[in-house]
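Student: Residue numbers (our numbering), protein chains in the order written: chain U, 17 to 126; chain W, 16 to 128. Okay, handing you the structure first.
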Amino acid sequence: RKEVEQDPGPFNVPEGATVAFNCTYSNSASQSFFWYRQDCRKEPKLLMSVYSSGNEDGRFTAQLNRASQYISLLIRDSKLSDSATYLCVVYAGNNRKLIWGLGTSLAVNP
Amino acid sequence: DTEVTQTPKHLVMGMTNKKSLKCEQHMGHRAMYWYKQKAKKPPELMFVYSYEKLSINESVPSRFSPECPNSSLLNLHLHALQPEDSALYLCASSQERGSSPLHFGNGTRLTVT
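Encoded structure:
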């Protein structure tokens, strides 16, 4: 089992749709969780840190489920500009490394 | 706008060349990183510096040589690279090594001919 797994997609959704991505992790000692977005041929940019209580930033909501060892990202009212690859990143304190998922590709269509 | 600056943006070099990639951050971060990214893959960690000391070398070939002259600067010296080393090289920084989120520079797109 991979340490961090994401559905690679691609997800093709119309503008205005709600879309959700999940990311599962295998290390129960994982402590910190992040979602990054990466546009084609650009650097990854931090979208959200994920907190135990869940957090929201505008149209984006992140949730953490420690019992089932997954995090989720919900995007409401999708915009064309949301088209990107969304990368899940997990930090496990026991090995002090950030582990990256392979990314989920999202295409928002007019 | 990125707060981590990388130069150059693009670099083409031959297999016998020596070149350097540069990275600078002024956020007071104490950890700096070099990542390599190939198309359709996530970034792959190469080196981590924490408080200006090398703390992780992910078994990177010696043709890549990192240097951290001070807390704001990070270099990656390249020598005798192979065509398969062509990739996007990303510099990142974080407040501390560990659970702090990474802030990436724009990257250097390297082509080895």
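Virtual Cβ for every residue (Gly too), placed ideally from N, Cα, C.
Would you call the segment 87 to 96 of chain W and the segment 36 to 50 of chain W touching, i.e. three or more CB-CB distances under 8 Å?
Tutor: The segment 87 to 96 of chain W vs the segment 36 to 50 of chain W: in contact.
Student: Excluding the 5 residues preceding and the 5 following W:L93 in the sequence, name in chain order all residues of the same chain whose CB lies nearer than 6 Å to its CB.
Tutor: Result list for W:L93: K34, in chain order.
Student: Buried or exposed for W:R112, going by 16 or more other Cβ atoms inside 10 Å?
Tutor: W:R112 is buried by the Cβ-count criterion.
Student: From the beta carbon of U:W116, is the nearest beta carbon of chain W less than 7 Å away?
Tutor: Cβ-Cβ to chain W under 7 Å: yes for U:W116.
Student: Where U:T120 and U:I87 are concerned, what is the direct C-alpha to C-alpha distance, given to the nearest angstrom?
Tutor: Looking at the two C-alpha atoms, the distance is approximately 13 Å.
Student: Does the CB of U:L103 have a neighbour CB from chain W at under 7 Å?
Tutor: At least one chain W Cβ lies under 7 Å of U:L103.
Student: For the putative contact between U:F37 and U:L89, defined by C-beta atoms under 8 Å, what is the C-beta separation to the nearest angstrom?
Tutor: Contact holds; Cβ gap of about 5 Å.
Student: Note down, in chain order, every chain W residue with its Cβ under 7 Å from the Cβ of U:S99.
Tutor: Residues of chain W passing the Cβ test: none, with the nearest at roughly 15 Å.
Student: For the beta strand (DSSP E) holding U:E72, just list the boundary residues, first then last.
Tutor: Where U:E72 is concerned, the enclosing beta strand (DSSP E) stretches over N71 to D73.
Student: Determine the contact status of W:S114 and U:Q47, defining contact as a CB-CB distance below 7 Å.
Tutor: Cβ atoms of W:S114 and U:Q47: closer than 7 Å.
Student: With DSSP run on the structure shown, which of helix, strand or coil describes U:P26?
Tutor: Coil.
Student: Note down the Cα distance separating W:L96 from W:L26, rounded to an integer number of angstroms.
Tutor: Looking at the two C-alpha atoms, the distance is approximately 12 Å.
Student: Between W:S65 and W:R78, which are expected to be in contact by the criterion C-beta below 8 Å, what is the C-beta distance as a whole number of angstroms?
Tutor: Not quite, the Cβ-Cβ distance comes to about 24 Å (not below 8 Å), so this is no contact.
Student: Could you check whether the segment 49 to 61 of chain U touches the segment 104 to 122 of chain U, counting it as contact only if at least three pairs of C-beta atoms, one from each stretch, sit closer than 8 Å?
Tutor: Result yes; three or more Cβ-Cβ pairs closer than 8 Å.
Student: Between the C-alpha atoms of U:G74 and U:I91, what's the straight-line distance to the nearest angstrom?
Tutor: Whole-angstrom Cα-Cα distance: 9 Å.
Student: Going by C-alpha distance, which of U:D98, U:V29, U:A45 and U:N81 is nearest U:G109?
Tutor: When each option's Cα is compared against that of U:G109, the closest is U:A45.
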